[in-house]
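Asks: Chains as they are written, first to last, in the numbering used here: chain A, 370 to 715; chain B, 370 to 715; chain C, 10 to 398; chain D, 10 to 398. Got a structure for you, written out below as structure tokens; questions coming shortly.
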Amino acid sequence: MHNLQLTEDQEMVVDTVRKLVADTVAPNAQELDEHRTFVRPWFDELAELGVYGLSLAEDNGGAGMGFVPYVAALESIGEHSGSLARLWIGQMQVVLAMEQAGADLDELAAGAKLGVFLGAEHGFTISEGKLTGAAELVPGALEADVLVVAAHDGQDLALVQVDAAACEREPVHALGLNSAACGRVRCDGVPGAALPNAAAAIARAELVGLLGVAAASVGGATGSIQAAKKHAGERIAFGKPLLVQDAVQRKLVESGRAASAAQQLTWHAARLSDLGEAAAAVAIEARIAAVDAMVLASDEAIQIHGGFGYTVEYHVERHYRDAAVFDVLDGGSGKLRDRLAAAQFS
Amino acid sequence: MHNLQLTEDQEMVVDTVRKLVADTVAPNAQELDEHRTFVRPWFDELAELGVYGLSLAEDNGGAGMGFVPYVAALESIGEHSGSLARLWIGQMQVVLAMEQAGADLDELAAGAKLGVFLGAEHGFTISEGKLTGAAELVPGALEADVLVVAAHDGQDLALVQVDAAACEREPVHALGLNSAACGRVRCDGVPGAALPNAAAAIARAELVGLLGVAAASVGGATGSIQAAKKHAGERIAFGKPLLVQDAVQRKLVESGRAASAAQQLTWHAARLSDLGEAAAAVAIEARIAAVDAMVLASDEAIQIHGGFGYTVEYHVERHYRDAAVFDVLDGGSGKLRDRLAAAQFS
Amino acid sequence: MSDTTTSAAAQVSDFRLTPELVEFQQMIRDYCRDHLGAADVVDREPRFPREAVRAAAEKGLLCTTVAKEYGGTDLGNLASCVMLEEINSVCASTGVTISVHNSLVNSLLGKWCTDEQKRRWFPKLVTGEWLGAYCLSEAFSGSDAAALRCEAKRDGDHYVLNGAKLWITTGSEAELFVVFVRTGEDRVKGISAIVAEASLPGVSVGKKERKLGLKGSSTTEIVFEDARVPADCLLGAEGEGFKIALDTLDGGRLGIASQALGIARASVDLIRGHLGQQKDHKGRPNASQPDQWQMADLAADLDAYRLLTWRAAVMRDRGERCGTESAMAKSCTARLANRAARAAVSILGQGGASGATAAERLLRDARITEIYEGATDIQRLVIARGLLA
Amino acid sequence: MSDTTTSAAAQVSDFRLTPELVEFQQMIRDYCRDHLGAADVVDREPRFPREAVRAAAEKGLLCTTVAKEYGGTDLGNLASCVMLEEINSVCASTGVTISVHNSLVNSLLGKWCTDEQKRRWFPKLVTGEWLGAYCLSEAFSGSDAAALRCEAKRDGDHYVLNGAKLWITTGSEAELFVVFVRTGEDRVKGISAIVAEASLPGVSVGKKERKLGLKGSSTTEIVFEDARVPADCLLGAEGEGFKIALDTLDGGRLGIASQALGIARASVDLIRGHLGQQKDHKGRPNASQPDQWQMADLAADLDAYRLLTWRAAVMRDRGERCGTESAMAKSCTARLANRAARAAVSILGQGGASGATAAERLLRDARITEIYEGATDIQRLVIARGLLA
């Protein structure tokens with residue numbers, strides 16, 4: 370990861386996460402995904418590393434490291450598990466929204482409780498302290514302890530904290546993120562606590578969500594490319610390894626180019642944010658480019674794998690499904706493009 | 370140009386170039402292009418600003434500023450004149466190759482002589498001090514004083530300096546870069562001086578060429594987007610400005626995303642190089658992405674202009690032609706992709 | 010193109026043209042070989058391809074959409090598509106001139122003229138003594154055609170025309186203009202169609218456009234200053250103009266689709282020739298796989314979109330509505346032409362961009378097909394509207 | 010599919026199916042409505058769509074490529090394409106089962122069997138009492154099919170088979186396997202085709218694949234351990250196997266192309282339904298233009314690539330070589346199916362990815378069409394080879 374220029378402390382966090390991924394996540398991700406097993410143990414291991422407080426101010430008990438190590442670490446998780454990456458992202462959204470709102474967040478920052486953020490795109494409303502609305506596809510929903518919701522209160526957006534247990538939740542048979550306990554959430558007048566500083570808190574949750582999905586998707590693209598490169602190096606067709614064919618190389622080059630460009634946008638957005646500059650637009654660009662790169666890379670990786678790629682054992686079909694789910698989260702890439710347009714033209 | 374983090378001195382150079390572009394280049398670029406007029410006066414004005422020594426070491430009479438201000442300044446030229454941008458790039462290739470070779474470069478760095486670099490892709494050969502070969506499309510060729518050529522000497526690549534006047538040169542009716550005196554060059558045993566340190570010098574010329582075309586193309590994309598945005602804001606269709614249509618906004622957003630990603634790759638490559646790290650692969654990625662972005666942005670800009678876009682008065686058709694020429698220079702984007710593959714897989 | 014319902018016998022049977030059409034296609038190929046050699050010169054100078062158009066007239070190619078009783082060959086839309094693909098594969102400037110003459114002007118007149126009007130104009134149009142132009146666009150109405158302002162005021166047995174038309178193909182070369190004018194206030198129902206001869210006082214050629222491509226084709230402004238046009242030059246009834254304009258464009262789009270097919274085919278041929286030359290030391294083909302793939306994808310789309318175009322053409326020949334189908338044909342073929350020409354330049358490399366081959370001209374010529382006779386974006390909305398209806 | 014040359018009368022006249030085929034298509038639609046309701050269940054459990062296949066057999070859909078004298082309906086390739094598009098637009102697991110049975114197994118047997126062999130197997134295959142499977146791929150020979158190793162050694166009046174076949178569609182459900190085996194050393198000429206019945210000792214179902222999609226379809230390894238197959242089960246002569254395999258795939262690709270068309274159509278229909286619901290407060294459609302454009306482009310390509318597929322099918326029905334044309338059809342339709350399904354998921358958003366609609370299944374099912382019966386990359390090389398020849 371050249372030129373991201375992490376500090377020594379930051380590098381250490383990232384390395385620790387990378388080790389967890391290599392030792393624990395990578396060898397088991399496919400099997401757990403196939404059985405739709407929720408990976409709470411991995412979430413807890415990340416908690417022990419203290420990563421949920423990574424970008425939290427030191428005054429609030431965090432490491433105060435900003436977003437650069439966050440995206441670097443998420444990239445390595447995304448390489449092997451989109452589900453775990455998405456759980457971390459959700460947790461970070463909640464933690465940083467709560468920090469902005471000045472709310473109590475110790476248990477969340479410690480990972481003792483699992484938090485999930487529901488963005489404004491779901492159209493929840495709050496009236497007289499009661500939250501109403503429904504969301505169709507929410508990673509982490511089935512196992513969440515706390516929901517933090519961007520809800521319309523008639524005028525502006527409000528930030529609302531609710532006890533997840535008070536909501537109706539049911540499993541969905543989602544295309545991907547099978548280890549993330551994805552569910553449908555329905556609140557029919559559930560009591561919720563409105564938090565202060567809603568606008569800034571929601572904006573921060575959105576930013577950390579965009580950056581996170583961007584980084585995880587860059588990772589997913591990289592993971593796909595690596596799997597395909599490995600397979601193509603080993604697989605013999607027409608008397609030679611697949612990898613010597615220029616068409617196979619070209620697929621990998623093009624996937625790599627897409628991942629590389631998305632990675633630069635992601636780092637740029639993270640650095641901008643850490644410098645205190647406006648980063649939302651670049652973060653949206655990064656997220657769109659990264660998800661597209663992951664779709665492309667996993668799609669080509671399946672193709673390079675041929676028949677093997679269509680089976681569940683080679684990881685690449687999982688990346689392909691996860692990429693398609695990333696694409697529709699947070700309002701979906703179409704709506705994100707509309708937001709870029711709105712920022713420029715209205 | 371957020372977060373490029375130029376020093377004050379660097380910022381000053383870039384601003385001076387930007388002013389020259391705004392005052393002199395932008396208002397006249399289209400007309401001169403239409404008449405295929407060579408823009409030597411602009412080249413000379415850039416010389417007066419001292420930009421050809423921008424990345425040259427201070428010990429060699431240069432400003433020693435590295436590549437970051439180079440790409441920043443070229444971006445602003447590329448916004449309005451691909452031809453002028455390409456002339457600067459060629460001059461820089463020659464100057465930096467000569468520096469690496471330890472050759473005399475004062476007149477070239479001062480812009481008193483016009484230099485053109487011919488890369489290894491043209492397949493020139495040198496034998497017993499005589500240069501032989503031909504190149505079909507060389508910006509600056511018709512007016513060049515000096516050619517610096519990467520030629521095969523039977524074993525390795527050699528760096529050869531020849532007096533341009535000794536070569537056969539004839540105009541080509543090229544698709545674009547009409548103000549850059551593009552020509553065909555033919556050397557049939559022309560005497561040439563082999564310069565030392567060829568491998569490093571050629572690599573440096575290639576790098577500065579890649580970075581330069583990348584930056585100029587990001588500029589060309591930006592220029593196209595700005596022209597289209599202006600037109601769409603003014604043009605009324607179905608009772609409203611074109612710009613309120615979401616499909617028009619989407620075209621501009623997608624063009625902008627492509628330009629933004631290419632810009633990040635370009636900056637990344639320039640920074641890496643300035644840090645003394647290997648930058649060739651990222652520079653190739655940047656160049657491919659940037660040319661693609663310029664093709665996309667100018668193509669969509671023509672479409673947004675409708676019938677106007679097909680006429681020569683609205684700049685965007687010029688960017689479209691220039692982009693197609695950028696695409697085929699330096700071996701062309703296909704061969705550049707092959708180089709990325711070779712670097713990774715062989 | 011024309012709305013003549015040609016014979017009930019199928020023109021395309023199991024995806025093959027009838028033997029008559031195959032023979033016609035061969036005749037066109039001979040014409041192209043014999044008369045379109047100057048395509049590059051026409052582009053570079055640039056100049057109007059007068060000889061090529063005259064030769065086309067002599068071969069009866071300027072009246073494929075005119076009924077036989079008025080001197081035409083009445084071959085219909087499909088034959089016109091076959092013809093235009095061939096011609097445009099060699100010279101798009103000649104191609105668009107013939108396409109507009111046939112598929113916009115003659116076709117429109119054949120459908121909307123009275124018998125008397127037909128007898129007045131067709132004798133000159135079918136022989137190519139006169140060329141026709143279709144005057145719809147204005148400076149402030151391109152895609153939004155109904156916003157046109159050029160005005161025709163009734164004055165006795167004349168209409169007095171004032172205003173200007175923009176981007177008129179064959180503008181400086183045509184003797185007859187079909188002009189869409191405002192005769193009333195209603196945005197759509199206030200539009201009428203009228204024939205104005207170029208020789209009338211008050212009709213003049215304005216600004217000539219300098220363009221990216223199609224340089225041999227004349228594209229000009231046509232200016233009307235108190236031009237008195239006899240009232241019997243009105244086509245259909247007052248207020249029918251917009252309907253006439255749009256209906257005609259459904260056919261015109263097939264002409265442009267065929268132009269795009271021709272450009273795409275020429276581009277694929279260039280790529281094929283270039284890759285075919287690349288051999289290893291044993292003389293075996295060794296073009297790069299990615300280049301071969303790109304060629305394969307383009308060739309497949311070329312076949313597919315030709316079928317799409319021909320489908321719309323036979324529908325129109327049968328007198329069926331083909332708005333969606335012709336929009337599909339035009340938007341797909343036009344995008345393909347641009348994609349193919351860009352690929353040709355890119356794959357041919359320096360030789361593609363330097364003018365040493367036709368690739369760079371194809372790239373420039375292709376670009377207009379996404380713009381005129383209904384921009385791609387408009388075609389897509391037409392298709393979407395059909396799907397969502 | 011079959012190589013029966015159907016009647017000389019055109020099946021597609023001016024791009025329209027004959028009335029008989031239109032009627033057949035309607036019958037298939039009724040079948041889909043009545044028998045494919047469990048498509049989602051078949052995918053989720055997953056389970057083999059036995060009832061749907063049985064119902065198809067009862068309607069005569071498992072013998073469209075079998076001559077009438079052997080109990081088939083002999084409708085040919087085009088009819089099979091029409092049928093498979095319909096079925097796959099609802100349930101691709103059922104679709105591929107029928108496609109393989111008809112367009113690989115029955116079609117191959119009809120062309121290469123002796124009369125005696127036909128009378129032996131067709132009675133069970135046309136009624137669906139038996140299902141067929143086509144066993145070509147092995148663990149070390151996918152796209153490079155001629156590298157196959159599964160061996161058949163002559164021993165008296167038997168061949169003894171040893172080896173394993175991979176990714177065999179309908180593997181665990183089929184009663185009859187067409188197996189490509191190595192009977193000699195020559196890479197190509199050492200390959201033969203033989204029929205092995207599933208009930209033979211030494212023939213067993215190996216590993217069952219868990220897949221991204223087509224979950225209702227059975228995909229397994231088929232293992233041969235000293236399986237003694239009567240020598241009169243050989244198809245054609247020894248050494249003809251590879252020729253038989255490739256020729257059959259030319260037709261099989263049309264089945265997969267039709268599967269891809271069905272998936273693409275279902276995807277476009279989902280998008281259309283979704284965008285059609287988006288209205289402004291006055292009830293007017295107000296879906297975003299970019300979404301509408303995407304739908305329009307997909308719909309146009311759907312029409313274009315269907316024509317491309319049908320063109321290849323009628324060529325095959327006429328007994329013409331259609332290698333390039335069927336490669337074009339398969340590569341274009343397969344890429345379209347994936348593009349369309351991805352667009353459906355993306356445009357439908359959370360509802361597209363959550364399993365609340367069929368979009369996510371379409372995305373998973375579509376993916377295989379670019380892989381099996383000749384990967385897209387191989388199709389492109391076939392096309393390019395044809396162009397460069």
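In this text, a Cβ means the ideal position worked out from N, Cα and C, and glycines have one as well.
1) Starting from the Cα of Ala-606 (chain A), find the closest Cα among A:Val-587, A:Ala-574, A:Gly-484 and A:Gly-675 and give me that residue.
2) According to DSSP, simplified to helix, strand and coil, what is His-167 (chain C)?
3) If the cut is a Cβ gap below 7 Å, which residues of chain D does Thr-680 (chain A) touch?
4) Determine contact between the segment 148-162 of chain D and the segment 182-195 of chain D, defined as no fewer than three beta-carbon pairs at a distance below 8 Å.
5) Spell out the partners DSSP gives His-521 (chain A) in its beta bridges.
6) What whole-angstrom Cβ distance do Trp-401 (chain C) and Val-204 (chain C) have, given they're in contact under 8 Å?
7) With distances taken Cα to Cα, identify the nearest neighbour of His-542 (chain A) among A:Ala-513, A:Asp-402, A:Cys-536 and A:Leu-579.
8) Gly-433 (chain A) to Gln-379 (chain A), Cα distance in whole Å?
9) Touch check for the segment 245-254 of chain D and the segment 365-374 of chain C: three-plus C-beta pairs under 8 Å?
10) What does the alpha-carbon distance come out to for the pair Gly-225 (chain C) and Ala-148 (chain D)?
11) In whole angstroms, give me the CA-to-CA distance for Ala-321 (chain D) and Met-92 (chain D).
12) Of all Cβ atoms in chain F, is any one closer than 8 Å to the Cβ of Gln-524 (chain B)?
13) Chain B partners of Phe-714 (chain A), CB-CB under 7 Å?
14) Can you tell me the Cα-Cα spacing of Ser-181 (chain C) and His-404 (chain B), whole angstroms?
15) In three-state terms, what does DSSP make of Ser-624 (chain A)?
16) Any C-beta of chain C sitting closer than 8 Å to the C-beta of Asp-514 (chain A)?
17) Taking only beta-carbon atoms, is Asp-707 (chain A) less than 8 Å away from chain C?
18) In chain D, which residues lie with their C-beta within 8 Å of the C-beta of Ser-702 (chain A)?
19) Report buried or exposed for Ser-715 (chain A), applying the criterion of at least 16 other Cβ atoms within 10 angstroms of its Cβ.
20) With a threshold of 7 Å on Cβ separation, who are the neighbours of Asn-97 (chain D) within its own chain once the five nearest residues in sequence on each side are excluded?
21) Between Val-75 (chain C) and Val-31 (chain C), which are expected to be in contact by the criterion C-beta below 8 Å, what is the C-beta distance as a whole number of angstroms?
22) Listed from N- to C-terminal order along the chain, which residues in the segment 289-302 of chain C have their beta-carbon within a distance smaller than 9 Å of any beta-carbon of chain A?
23) Between Asp-696 (chain A) and chain C, is any beta-carbon pair separated by less than 8 Å?
24) DSSP has Arg-553 (chain A) in a bridge; who is on the other side?
25) Kindly say whether Met-370 (chain B), judged by its beta-carbon, lies nearer than 8 Å to any beta-carbon of chain A.
26) If you follow the alpha helix (DSSP H) that Ser-452 (chain B) is in, where does it begin and where does it stop?
27) Cβ closer than 7 Å: which chain A residues qualify as neighbours of Ser-363 (chain D)?
28) Hey, Val-660 (chain B) and Ala-692 (chain B): beta-carbon distance below 8 Å or not?
29) On the three-state DSSP scale, how would you describe Lys-216 (chain D)?
30) Okay, do the segment 390-400 of chain A and the segment 423-438 of chain A touch, 3+ Cβ pairs below 8 Å being the bar?
31) For Met-663 (chain B), tell me which candidate among B:Leu-621, B:Asp-413 and B:Asp-473 has the shortest Cα-Cα distance.
32) Name the residue from A:Leu-612, A:Ala-549 and A:Gly-558 whose alpha carbon lies nearest to the alpha carbon of Gly-484 (chain A).
33) The ligand PLP heavy atoms versus the CB of Met-461 (chain B): any closer than 7 Å?
34) Spatial neighbours of Gln-469 (chain B) within its chain, please: CB distance less than 7 Å, with the 5 preceding and 5 following residues excluded, ordered by chain position.
35) May I ask which residues mark the beginning and end of the alpha helix (DSSP H) holding Phe-403 (chain C)?
36) Given a limit of 9 Å on CB to CB distance, which residues of the segment 329-353 of chain C reach chain D?
Replies: Per the coordinate set shown:
1) Selected option, being the one with the closest Cα: A:Gly-675.
2) Three-state DSSP puts His-167 (chain C) in a strand.
3) Glu-218, Arg-219 and Lys-220, listed in chain order.
4) By the Cβ test, the segment 148-162 of chain D is in contact with the segment 182-195 of chain D, since at least three Cβ pairs between them sit closer than 8 Å.
5) BP columns for His-521 (chain A) point to A:Thr-494 and A:Leu-526.
6) Because chain C here runs from 10 to 398, residue 401 (chain C) falls outside it and cannot be looked at.
7) Ranking A:Ala-513, A:Asp-402, A:Cys-536 and A:Leu-579 by Cα distance to His-542 (chain A) puts A:Asp-402 first.
8) Cα to Cα, the separation comes out at about 10 Å.
9) Contact between the segment 245-254 of chain D and the segment 365-374 of chain C is absent, because fewer than three Cβ pairs lie under 8 Å.
10) For Gly-225 (chain C) and Ala-148 (chain D), the gap between their C-alpha atoms comes out near 59 Å.
11) About 15 Å.
12) Absent from the structure is chain F; the protein chains it does hold are A, B, C and D.
13) Among the residues of chain B, those whose CB is under 7 Å from the CB of Phe-714 (chain A) are Leu-612 and Gln-618, following chain order.
14) For Ser-181 (chain C) and His-404 (chain B), the gap between their C-alpha atoms comes out near 23 Å.
15) Correct three-state label for Ser-624 (chain A): helix.
16) Cβ-Cβ to chain C under 8 Å: no for Asp-514 (chain A).
17) It does not; no Cβ of chain C falls within 8 Å.
18) Near Ser-702 (chain A) (Cβ distances below 8 Å), the residues of chain D are Ser-355.
19) Exposed, by the Cβ-count rule.
20) Scanning its chain for C-beta atoms nearer than 7 Å, with the 5 sequence neighbours on each side dropped, one finds around Asn-97 (chain D) the residues Gly-104, Ser-267, Gln-268, Gly-271 and Ile-272, in chain order.
21) Contact between Val-75 (chain C) and Val-31 (chain C) does not hold, since their C-beta atoms are separated by about 22 Å, which reaches or exceeds 8 Å.
22) Those would be Ser-297, Gln-298, Pro-299, Gln-301 and Trp-302, in chain order.
23) Answer no: the Cβ-Cβ gap between Asp-696 (chain A) and chain C never drops below 8 Å.
24) DSSP lists A:Glu-539 as partners of Arg-553 (chain A).
25) Note that Met-370 (chain B) has pLDDT 41, beneath the 50 cutoff, so the model's placement of it is unreliable and no number is given.
26) DSSP places Ser-452 (chain B) in the uninterrupted alpha helix (DSSP H) bounded by 451-470.
27) Those are Glu-505, Leu-506, Val-541 and Ala-543, listed as they occur along chain A.
28) Yes, the pair counts as a contact, with Cβ atoms nearer than the cut-off.
29) Lys-216 (chain D): strand per DSSP, three-state reduction.
30) Contact check between the segment 390-400 of chain A and the segment 423-438 of chain A: fewer than three CB pairs, one atom from each, fall below 8 Å, which does not count as touching.
31) Closest option to Met-663 (chain B), judged by alpha-carbon separation, among B:Leu-621, B:Asp-413 and B:Asp-473: B:Leu-621.
32) Answer by Cα proximity: A:Ala-549.
33) This structure does not include the ligand PLP; it has no bound ligands of any sort.
34) Shown here for Gln-469 (chain B): same chain residues with a beta carbon closer than 7 Å to its own, the five before and five after excluded, namely Asn-566, Ala-569, Ala-570 and Arg-573 in chain order.
35) Examination of residue 403 (chain C) is not possible in this model, given that chain C is present from 10 through 398 alone.
36) Listed in chain order, the positions of the segment 329-353 of chain C with a beta carbon within less than 9 Å of a beta carbon of chain D are Thr-333, Glu-334, Ala-336, Met-337, Ala-338, Ser-340, Cys-341 and Arg-344.
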